[in-house]
Amino acid sequence: DGGITQSPKYLFRKEGQNVTLSCEQNLNHDAMYWYRQDPGQGLRLIYYSQIVNDFQKGDIAEGYSVSREKKESFPLTVTSAQKNPTAFYLCASSRDIMGYEQYFGPGTRLTVT
Amino acid sequence: AQKVTQAQTEISVVEKEDVTLDCVYETRDTTYYLFWYKQPPSGELVFLIRRNSFDEQNEISGRYSWNFQKSTSSFNFTITASQVVDSAVYFCALSEASGTYKYIFGTGTRLKVLA
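Residue numbers (the numbering used here), protein chains in the order written: chain W, 57 to 169; chain B, 23 to 137.
This is the structure we're talking about:
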């Protein structure tokens with residue numbers, strides 16, 4: 057089945073630790089995205105990637121980093137510099153960056169204490 | 023400036039009622055795309071529909087229908103004979119086709135369908 061997988065579903069970390077969230081897609085999509093969603097809020101764009109080996113900052117990139125070494129993978133690292141990392145993180149992909157629907161993974165709920 | 027407004031924060035209806043979720047957008051582009059997504063309690067957003075700015079035909083898919091009106095910059099979503107499984111947060115989104123990447127989500131409308 058084609059789709060997007062994110063792992064793990066729940067993640068717990070101590071303050072000061074970096075943590076990497078996984079995102080894999082087998083839809084053969086060029087574009088991939090990372091969003092953050094806080095309780096009762098909408099989606100905020102962290103990073104996006106139009107193509108392999110290229111990525112751009114979104115609206116709230118500070119304290120996060122990404123890589124796009126393979127078309128199907130777009131991992132997100134939440135660094136210790138992120139002030140409020142506890143949130144629900146959603147990965148998405150689309151055929152292209154302009155004008156296409158995005159397909160989302162199941163999300164990772166990160167809790168940092 | 024680009025903007026998507028979903029003024030209804032939360033709506034509650036009784037099962038079998040019809041309900042309309044409003045979406046108003048702002049854009050200077052003549053070519054753009056509009057979307058609706060559903061986010062059930064599990065958290066994963068599900069794509070429902072994509073509409074381009076040159077196609078104002080209304081769309082119907084089962085109990086779902088969408089009304090796109092460029093004159094009022096609106097792309098409203100109606101669920102007919104609502105069911106408990108329709109309970110979710112619904113997001114409207116806008117993507118412009120020119121310039122730098124822009125994909126803007128509204129703040130969402132939480133729909134509660136009561137049995």
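Backbone N, C-alpha and C fix where the C-beta goes; we use that ideal spot for every residue, glycine too.
Below the 7 Å Cβ cutoff, chain B contributes G65 as neighbours of F144 (chain W), in chain order.
Collapsing the DSSP output to three states places T142 (chain W) in coil. For C79 (chain W), the enclosing beta strand (DSSP E) stretches over residues 75 to 81.
Contact annotation: the segment 76 to 95 of chain W touches the segment 116 to 130 of chain W, with at least three C-beta pairs closer than 8 Å.
Neighbourhood of R72 (chain B) in chain W, by CB distance below 9 Å: G155, Y156, E157, in chain order. Between T52 (chain B) and chain W, the shortest Cβ-Cβ separation is not below 8 Å. For the segment 89 to 104 of chain W, residues whose beta-carbon sits nearer than 7 Å to a beta-carbon of chain B comprise G98, L99, Y104.
In this structure, the straight-line span from the alpha carbon of I126 (chain B) to that of S136 (chain W) is close to 28 Å. In this structure, the straight-line span from the alpha carbon of N74 (chain B) to that of Y59 (chain B) is close to 15 Å. Inclusion of G155 (chain W) and Y55 (chain B) in the CB contact set at 8 Å is warranted, their separation being smaller than that value. A direct Cα-Cα distance of roughly 30 Å separates R124 (chain W) from Y112 (chain B). The continuous stretches of beta strand (DSSP E) do not include L67 (chain B), and DSSP gives it neither H nor E.
For Q106 (chain W), the uninterrupted beta strand (DSSP E) run begins and ends at 99 to 107, by DSSP.
Around the beta-carbon of F90 (chain B), 16 or more other beta-carbon atoms lie within 10 Å, marking it buried. Contact annotation for G163 (chain W) against chain B: G65, E66 [CB-CB distance below 7 Å, chain order]. Contact with chain B is absent for F111 (chain W), since none of that chain's Cβ atoms lies less than 8 Å from the residue's Cβ. In terms of Cβ geometry, L146 (chain W) and L67 (chain W) do not form a close pair [threshold 8 Å].
When secondary structure is reduced to three states using DSSP, K92 (chain B) falls in the helix class. According to DSSP, Y86 (chain B) shares a beta bridge with B:S83, B:I101. A direct Cα-to-Cα measurement between T49 (chain B) and D152 (chain W) gives close to 20 Å. At a cut-off of 8 Å between beta carbons, A110 (chain B) makes no contact with chain W.
Under the Cβ distance rule, F160 (chain W) counts among the residues neighbouring chain B, one pair being separated by less than 8 Å.
Counting only Cβ-Cβ distances below 8 Å, A29 (chain B) has no contacts in chain W at all, with the closest Cβ about 13 Å away. The continuous beta strand (DSSP E) containing Q61 (chain B) extends over residues 54 to 61.
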